[in-house]
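Presented below is the structure to which this report refers.
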DNA sequence: TAAAAAAAATGTAATATTTCACTTTCTATA
DNA sequence: TATAGAAAGTGAAATATTACATTTTTTTTA
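Laid out in structure tokens, this is it:
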């Protein structure tokens with residue numbers, strides 16, 4: 001019990017900001033806390049499933065996930081990649097309550113399942129809290145729009161350069177990292193064939209822009225990568 | 233004065249739902265009303281400009297607009313097309329207050345400029361209202377995601393078929409309509425070259441799927457168009 | 001740890017898309 | 001209503017991308 005509390009409070013970002021005493025009182029916090037469950041997810045497991053009713057959000061405490069959409073023809077698309085700490089599923093709640101995409105672990109994860117009904121009840125009685133949720137959803141919207149824009153006017157090498165920079169800066173926070181997406185998943189993120197991803201990564205490698213050995217990537221020339229991402 | 237009120241109240245969709253007495257009291261409504269201005273926009277005029285601070289939203293009462301993003305290399309992209317009645321600009325407010333895209337009239341429009349600060353003040357004191365705004369933003373998020381998905385895994389003919397159906401169903405609400413986008417704008421919406429748009433429309437015409445004479449379009453074979461939009 | 005399965009890599013042919021240079025057709029307005 | 005400028009349309013070459021067939025490498029698991 002105590003361990004659970006400490007866990008929530010020790011993660012310094014999103015949820016803390018939102019749930020902390022600034023926006024929510026002790027009593028509301030207890031309600032939310034009592035209705036939440038902590039769960040482990042193995043790589044590949046689905047945290048939120050596309051098409052299902054949104055009964056909960058997930059506050060991810062450790063691990064990384066992908067936001068993926070699968071269409072009826074079997075094709076798959078990765079919209080976003082996110083790492084702990086983060087609140088997942090926020091965009092679904094206040095619309096019609098059906099998950100528009102899945103959220104899947106791309107490495108072992110741990111997270112709190114937060115009851116949506118409870119959350120709504122609290123938001124209705126606390127507009128500061130509701131506003132914070134609005135900020136959260138707007139932020140996601142913005143990210144999605146930027147990703148969309150990039151997809152629309154950039155060619156594959158520009159997209160790949162951009163995604164490499166994004167992963168390096170935002171997700172792994174290092175110029176050296178071990179990718180936890182397969183080449184196929186990477187292709188689903190870029191929006192092209194897996195062969196194209198493989199060839200382009202190889203080309204970047206041969207041009208000395210990156211160094212890639214299997215899943216291990218080192219970004220050698222950020223300047224050039226930047227240029228490609230802008231021009232491409 | 234009376235005319236203005238009637239105008240707001242007679243449009244049956246978004247704003248009414250949100251602003252109506254169910255969610256906002258007489259006094260708040262007056263505040264919002266007093267800080268709002270009605271304006272006319274000519275085709276091509278910008279209602280909200282990308283990069284500028286969000287000082288107002290627009291409640292569009294008549295006309296049609298495009299949501300367009302322009303990048304520094306001069307390329308332009310249309311994210312969405314929307315017609316009255318609609319609330320425009322909602323996604324910007326609660327994030328960092330900078331418009332992430334422009335909203336431009338594609339035909340003569342009329343709309344109310346609603347002061348954002350006033351709106352925020354009211355939302356802070358009225359969580360029902362805040363929740364309604366959340367729904368609005370979530371809805372836009374959802375639309376954007378679907379458009380994004382379509383762009384990512386469909387080829388140009390699939391995209392064009394889809395956009396034709398979208399325009400027919402959602403925007404013009406008829407199988408016969410007069411497009412108020414140029415071929416170039418249509419291409420910016422599809423995310424391809426204008427020649428590709430022209431050729432594809434011609435091909436659809438020759439195959440008897442649509443009938444196109446300049447800007448006048450008749451959808452002849454919805455079934456086939458549907459198929460192309462799904463397979464493509 | 002060996003075998004099976006999955007993922008990565010490669011080269012080439014087929015296809016899709018853009019770019020370019022140009023003509024034709026509209027449309028606004030002087 | 002003549003005319004300039006914009007928009008639409010065309011065809012062909014250049015480029016980008018995918019699809020396919022196949023091999024190599026890595027990972028999983030019996």
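Protein chains in written order, with this note's numbering: chain A, 1 to 232; chain B, 233 to 464.
Ideal Cβ placement from N, Cα and C applies to all residues, glycine included.
Apart from the five residues on each side of it in sequence, which residues of its chain come closer than 7 Å, Cβ to Cβ, to residue 101(A)?
-> As a first step, residue 101(A) is located in the first chain; it is residue number 101 there, counting from the start. Correct list, in chain order: 50, 67, 68, 69, 79.
By DSSP, does residue 68(A) sit in helix, in strand, or in coil?
-> Position 68 of the first chain, counting from 1, holds the residue named residue 68(A). Judged by DSSP in its simplified three-state form, residue 68(A) adopts strand.
With DSSP collapsed to three states, give me the class of residue 421(B).
-> Translated into the one-based positions of the second chain, residue 421(B) becomes position 189. Residue 421(B) sits in a helix when the DSSP states are folded into three classes.
Length-filtered (4 minimum) alpha helix (DSSP H) runs lying within the region 316–368 of chain B | The region 316–368 of chain B contains, as complete alpha helix (DSSP H) runs of 4+ residues, the segments 322–325, 348–357 (chain order).
Residue 141(A): contacting residues in chain B (beta-carbon distance under 7 Å) | Numbered from 1 along the first chain, position 141 holds the residue referred to as residue 141(A). Under the 7 Å cutoff, chain B gives 323, 369, 372, 373, 376.
Give the secondary structure of residue 24(A) by DSSP, where H, G and I count as helix, E and B as strand, and everything else as coil.
-> Residue mapping note: residue 24(A) aligns to position 24 of the first chain, counting from 1. Residue state, collapsed to three classes: coil.
Looking at the C-beta of residue 217(A), does it have a partner C-beta in chain B at a distance below 8 Å?
-> As a first step, residue 217(A) is located in the first chain; it is residue number 217 there, counting from the start. Residue 217(A) does not count as touching chain B.
Mind checking whether residue 396(B) and residue 442(B) have CB atoms under 8 Å apart?
-> Numbered from 1 along the second chain, position 164 holds the residue referred to as residue 396(B). Numbered from 1 along the second chain, position 210 holds the residue referred to as residue 442(B). Yes, Cβ-Cβ distance for residue 396(B) and residue 442(B) is below 8 Å.
Whole-angstrom distance between residue 456(B) and residue 419(B), CA atom to CA atom | The residue labelled residue 419(B) in the question sits at position 187 within the second chain. The residue labelled residue 456(B) in the question sits at position 224 within the second chain. Note on geometry: alpha-carbon atoms of residue 419(B) and residue 456(B) lie some 21 Å from one another.
Closer than 8 Å, CB to CB, is residue 359(B) near chain A or not?
-> Your numbering for residue 359(B) matches position 127 in the second chain. At least one CB atom of chain A sits nearer than 8 Å to the CB of residue 359(B).
Do residue 82(A) and residue 369(B) come within 8 Å of each other at the CB atom, strictly closer than that value?
-> The count along the second chain starts at 1 and reaches residue 369(B) at position 137. The count along the first chain starts at 1 and reaches residue 82(A) at position 82. Between residue 369(B) and residue 82(A), the CB-CB gap reaches or exceeds 8 Å.
Leaving out the 5 sequence neighbours to the left and right, which residues in its chain are closer than 8 Å to residue 64(A) when beta-carbon positions are compared?
-> Here residue 64(A) refers to the residue found at position 64 of the first chain. Around residue 64(A), the same chain offers 81, 82, 83, 84, 105, 106, 107, 109, 171, 180 as residues with beta carbons nearer than 8 Å, after the five sequence neighbours per side are excluded.
Quick check: the region 41–59 of chain A against the region 354–366 of chain B, are there 3 or more CB pairs under 8 Å?
-> No, the region 41–59 of chain A is not in contact with the region 354–366 of chain B.
Among 218(A), 103(A), 175(A), which has the Cα closest to the Cα of residue 42(A)?
-> Walking along the first chain from the start, residue 42(A) turns up at place 42. Measuring from the Cα of residue 42(A), the nearest candidate turns out to be 103(A).
Along chain B, in chain order, which residues have C-beta atoms closer than 8 Å to that of residue 71(A)?
-> What you label residue 71(A) is simply residue 71 of the first chain in a count that begins at 1. The answer, in chain order, is 381, 385.
If you draw a straight line from the C-alpha of residue 417(B) to the C-alpha of residue 177(A), how long is it?
-> Residue 417(B) sits at position 185 when you count from the first residue of the second chain. Residue 177(A) sits at position 177 when you count from the first residue of the first chain. Approximately 41 Å between the Cα atoms of the pair.
For residue 86(A), decide whether its Cβ has a neighbour in chain B, counting only Cβ atoms nearer than 8 Å.
-> Indexing the first chain from 1 puts residue 86(A) at position 86. By the rule that beta-carbons nearer than 8 Å mark a contact, residue 86(A) does not touch chain B.
Any chain B beta carbon closer than 8 Å to residue 114(A) | Locating residue 114(A) in the first chain gives position 114, counting from the first residue. Not closer than 8 Å to any Cβ of chain B, the Cβ of residue 114(A) fails to qualify, so no.
As assigned by DSSP and simplified to three states, the class of residue 446(B) | Taking the second chain and counting its residues from 1, the one referred to as residue 446(B) is at position 214. Residue 446(B): coil per DSSP, three-state reduction.
Chain B contact residues for residue 123(A), given Cβ-Cβ distances below 9 Å | Counting from 1 along the first chain, the entry for residue 123(A) is found at position 123. At a beta-carbon threshold of 9 Å, the residues of chain B lying near residue 123(A) are 359, 362, 363, 366, ordered along the chain.
Give the single residue among 463(B), 278(B), 304(B) whose Cα lies nearest to the Cα of residue 220(B).
-> Residue 220(B) is absent from the model: chain B starts at 233 and stops at 464.
Contact set between the region 189–214 of chain A and chain B, restricted to residues whose Cβ is under 7 Å from the partner | Residues of the region 189–214 of chain A with a Cβ closer than 7 Å to any Cβ of chain B, in chain order: 191.
Of the listed residues 345(B), 429(B), 292(B), nearest to residue 390(B) (C-alpha basis) | Here residue 390(B) corresponds to residue number 158 of the second chain, with the count starting at 1. If you compare the alpha carbons of 345(B), 429(B), 292(B) with that of residue 390(B), the shortest gap goes to 429(B).
Cutoff 8 Å: residue 160(A) Cβ touching any chain B Cβ | Position 160 of the first chain, counted from the first residue, corresponds to residue 160(A). Residue 160(A) does not count as touching chain B.
Give every residue of the same chain whose Cβ lies closer than 7 Å to the Cβ of residue 205(A), excluding the five residues on either side of it in the sequence, and list them in chain order.
-> Here residue 205(A) is taken as the residue at index 205 of the first chain, counted from 1. Same-chain partners within the cutoff: 211, 212.
Three-state secondary structure (DSSP) of residue 312(B) = Residue numbering aside, residue 312(B) sits at position 80 when the second chain is read from its first letter. Strand at residue 312(B).
C-alpha distance - residue 415(B) paired with residue 330(B), whole-angstrom precision | Along the second chain, one-based indexing puts residue 415(B) at 183. Along the second chain, one-based indexing puts residue 330(B) at 98. Across the structure, residue 415(B) and residue 330(B) are spaced so that their CA atoms are roughly 30 Å apart.
Environment of residue 276(A) [buried if 16+ CB atoms lie within 10 Å] = The first residue shown for chain A is 1 and the last is 232, placing residue 276(A) beyond what the model contains.
From 360(B), 366(B), 387(B), pick the residue whose C-alpha is nearest to that of residue 321(B); which is it?
-> One-based indexing of the second chain puts residue 321(B) at position 89. That would be 366(B), whose Cα lies nearest to the Cα of residue 321(B).
Where do the N-terminal and C-terminal ends of the alpha helix (DSSP H) with residue 454(B) fall, by residue?
-> Here residue 454(B) refers to the residue found at position 222 when the second chain is read from its first residue. Per DSSP, the unbroken alpha helix (DSSP H) holding residue 454(B) starts and ends at 454–463.
Can you say whether residue 215(A) is buried or exposed, counting buried as having 16 or more other CB atoms within 10 angstroms of its CB?
-> Start at 1 with the first residue of the first chain, and residue 215(A) comes out as number 215. Under this definition residue 215(A) is an exposed residue.
Once you ignore the five residues that flank residue 60(A) on each side, which residues in its own chain have a CB closer than 7 Å to its CB?
-> Translated into the one-based positions of the first chain, residue 60(A) becomes position 60. Within the same chain, 84, 85, 86, 88, 109, 111 come within 7 Å of residue 60(A) by CB-CB distance, once the 5 residues on both sides are set aside.
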